[in-house]
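In full-length UniProt numbering, the protein residues as written are 1 to 212.
Note that beta-carbon positions come from the ideal geometry of N, C-alpha and C, so glycine has one too.
On a predicted model such as this, the values are computed, not experimentally measured, just so you know.
Quick notes on the structure that follows.
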Ligand SMILES: [Zn+2]
């Protein structure tokens, strides 16, 4: 069923650079290095938006500006989990990343290859591959009228996509695949070639959790 994606080396995505999402920075590095760069070289409010549990957040995807063969940051999230009293909830220079899980919502576009459809791959990068936090990620057309679910794959087992009904993505573990045709369909139903990616996060972040 998924042989059409067999040419993709998902593991290799973690070595492909992306441009720093902070305006005028122009730094390029791999996703995990970028996360460290954002935490150490920039203040949180330059790149991050704080999101709580079960709060949908949408990012515009400018389809024509995506570069095949490259990683792109769709959004950088300081995930706070459920509301807690006594903790700051604004993304400010004082944001205590101790209480938040930093996550980059990534998009990779595969380069054109003869006789294979281009693939759009969404995934989440965080400092820990936490099993405590998961996300629902879907695509919406420009008019927010149609929502499309992708095909979820595990990092290490491309041939066995998960078929459980929950469809959750875990950081550093899962990938969500869309074909160029999926993207075209969403663009057609909107007026412009733009779509939105929606993310809803669940669970309690524990950034001090040891990566199992
Ligand atoms: Zn930067």
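- Cβ-Cβ separation between residue 73 and residue 106: approximately 7 Å, consistent with a contact (criterion under 8 Å).
- Where residue 37 is concerned, the enclosing alpha helix (DSSP H) starts and stops at 31-41.
- Those residues whose C-beta sits under 6 Å from the nearest heavy atom of ligand 1 are, from N- to C-terminal order along the chain, 20, 22, 25, 27, 37, 41, 42.
- In this chain, the beta strand (DSSP E) harbouring residue 58 covers 57-62.
- Between residue 109 and residue 172, the C-beta gap is not smaller than 8 Å, which leaves the two residues out of contact.
- Going by beta carbons, residue 197 and residue 59 fall inside the 8 Å limit.
- Counting along the chain, the unbroken alpha helix (DSSP H) around residue 47 starts and ends at 44-47.
- In the three-state DSSP reduction, residue 177 falls in the strand class (E or B).
- A Cβ-Cβ distance of about 28 Å is found for the pair residue 69 and residue 134, leaving them out of contact under the 8 Å criterion.
- Per DSSP, residue 121 is one residue of the beta strand (DSSP E) stretching across 119-125.
- When rounded, the separation of the alpha-carbon atoms in residue 81 and residue 115 is 43 Å.
- Between the alpha carbons of residue 37 and residue 13 lies a distance of about 18 Å.
- Beyond the five residues adjoining it in sequence on each side, residue 180 comes within less than 8 Å, by CB distance, of 117, 118, 119, 120 in the same chain, given in chain order.
- Collapsing the DSSP output to three states places residue 70 in coil.
- In this structure, the beta-carbon distance from residue 122 to residue 186 does not fall below 8 Å.
- Looking at 57, 84, 63, the one whose alpha-carbon comes closest to that of residue 75 is 57.
- Look at residue 152 here: in three-state DSSP terms it is strand.
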